[in-house]
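What follows is a single structure, written as structure tokens, with notes after it.
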Amino acid sequence: MDSQAIVTGHEESPEAHQAHPPYLRHHFVTVEQQAETASFGMWLFLLTEIMFFGGLFMAYLLYRNWYYDAFVASSNTLGIGLGTTNTAVLILSSFTMAMGVYSAETRNRKGLLTSLSLTILLGLVFLGIKTIEYHEKYVEHHIPGANFSVEDFVHPTDKRDVPLAPDMAQHAQLFFFLYFAMTGMHALHMIIGISILFVLFVQAWHGAYTNGHTSTIDNFGLYWHFVDIVWIFLFPLLYLISRHPLK
Amino acid sequence: MSTPTGHEHHIVGPKIYLLILCALLVLTATTTGAAFINMGVFSPIVALGIACIKAVLVILFFMHIRYSSKVLMLTVAAGFFTFLVLITMTLCDYISRAWGLW
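Going down the list, the sequences are from chains A and B. If you read the first sequence in the numbering used here, its first letter stands for residue 2, the second for the next number, and so on. If you read the second sequence in the numbering used here, its first letter stands for residue 431, the second for the next number, and so on.
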């Protein structure tokens, strides 16, 4: 703030302060401009997130090409049922979050609280199902590292699976490394999102975001939907595309 | 009052959200179903195509880009375009790395 601004600030009449809502910062002309600027900033952050997850997707693309047989065999050990359920749960949570934004915009406190709590609930269900899947990997010795076992890939129990040579089977670890890195990073984003949702819920409980100031809810919505989009791509890449491998 | 960006805030209603939710769930069922059909090289293409449609629906309606100002539309488009450029250039390097070595 320069000195002139301080001087004019003192000269401002009380009416000038009443002319705009309390949440409109002085360096913005209108509430719309403030909201537009906030979502522009949020989108810039999300673009850096695209690049961040994009690096992992790129690694997956290359290594799947390179160690195709190992990636196909590993991908087929994932449960397609749990994966589909989780996709539906996450899409549903995106819907409840969108309804939260709508409730904030229509100044409906009860609707906002309901939407936020449903989003938290669905987020936790997603993480719960993910935990079950992670536990399966632990039991099957499919977590890369010292306890990893190539047994399931060298001597598959299912007759339809093609046995892999031991050296190719070792590369299954690469699939599971990327699996845990990608779904783990996604889960971390969910955990951060759910933590923020709890804060938003408490603030909304005390009457925030239904007084016309909806930017925070809007921009959190953008984050939540972005996490949903990441999963929309993770789901087919990890679970679906290897069911009918090329010979 | 006209805003500096010339853009008015648009409230998206529950009807559109519900419609998009149904579309996303149907597409999820479709992509899972398609995984059990042997389409050869087209399996990943179909799966990723459906994923792209789902992502675009989420971006346009849940994330309100359909109703946003042009500067936001351009920003989002530029972001995804840059990501595609990165993937394409990396793949070009990967594919052509061994050219002339055999």
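Ideal placement from N, C-alpha and C gives every residue a C-beta, glycine not left out. Predicted model only: the values in this text are computed from it and were never measured.
Between residue 240/A and residue 155/A, what straight-line distance do the alpha-carbon atoms span, to the nearest angstrom? Here residue 240/A is taken as the residue at index 239 of the first sequence, counted from 1. Here residue 155/A is taken as the residue at index 154 of the first sequence, counted from 1. The alpha-carbon atoms of residue 240/A and residue 155/A are separated by roughly 21 angstroms.
What residue ranges within the region 129 to 174 of chain A form continuous alpha helix (DSSP H) runs of no fewer than 4 residues, ordered along the chain? 152 to 155 and 167 to 171
Beta-carbon within less than 6 angstroms of residue 473/B's beta-carbon, same chain only, minus the 5 sequence neighbours each way: which residues are those? Position 43 of the second sequence, counting from 1, holds the residue named residue 473/B. Annotation for residue 473/B: no residue places its beta carbon closer than 6 angstroms to its own, counting only its chain and skipping 5 residues before and after.
Chain B contacts from the region 35 to 57 of chain A (Cβ-Cβ distance under 8 angstroms): 36, 37, 40, 41, 44, 45, 47, 48, 51, 52 and 55
Report the residue ranges of all alpha helix (DSSP H) runs contained in full by the region 23 to 111 of chain A; include only those spanning at least 4 residues, in chain order. 32 to 67, 69 to 76 and 81 to 106
Check the C-beta distance from residue 185/A over to residue 228/A and give it rounded, since I have them as a contact under 8 angstroms. Mapped onto the first sequence, residue 185/A falls at position 184. Mapped onto the first sequence, residue 228/A falls at position 227. Wrong, their Cβ atoms sit about 13 angstroms apart, outside the cutoff.
Alpha carbon to alpha carbon, what distance is there between residue 33/A and residue 25/A? As a first step, residue 25/A is located in the first sequence; it is residue number 24 there, counting from the start. As a first step, residue 33/A is located in the first sequence; it is residue number 32 there, counting from the start. If you draw a straight line from the Cα of residue 25/A to the Cα of residue 33/A, it comes to about 9 angstroms.
Are the beta-carbon atoms of residue 260/A and residue 124/A separated by less than 9 angstroms? Coverage of chain A is limited to positions 2 through 248, which leaves residue 260/A absent and any answer about it impossible.
At a cut of 8 angstroms, does the region 93 to 102 of chain A reach the region 204 to 223 of chain A through at least three beta carbon pairs? yes
Exposure label - residue 30/A; buried when at least 16 CB within 10 Å: Taking the first residue of the first sequence as position 1, residue 30/A is located at position 29. By the 10 Å Cβ count, residue 30/A comes out exposed.
Per-residue DSSP class, three states only, for residue 216/A: For the purposes of this step, residue 216/A is identified with residue 215 of the first sequence, where counting begins at 1. Assigned with DSSP and collapsed to three states, residue 216/A falls in helix.
So, is residue 23/A buried or exposed, given that buried needs 16 or more other C-beta atoms within 10 angstroms? Taking the first residue of the first sequence as position 1, residue 23/A is located at position 22. Taking all protein chains in view, the Cβ of residue 23/A is surrounded by fewer than 16 other Cβ atoms within 10 Å, so the residue is classified as exposed.
Closest by CA to residue 248/A, which one among 189/A, 120/A and 162/A? On the first sequence, position 247 is the one that residue 248/A refers to. The shortest C-alpha separation from residue 248/A is found at 162/A.
Do residue 121/A and residue 484/B have their CB atoms nearer than 9 angstroms? Counting from 1 along the first sequence, the entry for residue 121/A is found at position 120. Counting from 1 along the second sequence, the entry for residue 484/B is found at position 54. No, the Cβ-Cβ distance between residue 121/A and residue 484/B is not below 9 angstroms.
Assuming residue 455/B is part of the alpha helix (DSSP H), what are its boundary residues? For the purposes of this step, residue 455/B is taken as the residue at position 25 of the second sequence. Counting along the chain, the alpha helix (DSSP H) containing residue 455/B begins and ends at 444 to 465.
Sorted by chain position, which residues of the same chain lie with C-beta nearer than 7 angstroms to residue 39/A's C-beta, five sequence neighbours on each side aside? For this step, residue 39/A is matched to residue 38 along the first sequence. Excluding residues within five positions, the ones whose Cβ falls inside 7 angstroms are 216 and 220.
Please tell me whether residue 526/B has its Cβ less than 9 angstroms away from any Cβ of chain A. Counting from one through the second sequence, the residue named residue 526/B turns up at place 96. Chain A contact via Cβ: absent.
With residue 505/B as the anchor, note down where its alpha helix (DSSP H) starts and where it stops. For this step, residue 505/B is matched to residue 75 along the second sequence. Segment 500 to 526, the alpha helix (DSSP H) holding residue 505/B.
Cross-chain neighbours of residue 229/A in chain B, by beta carbon under 7 angstroms: Locating residue 229/A in the first sequence gives position 228, where the first residue counts as 1. Those are 488, listed as they occur along chain B.
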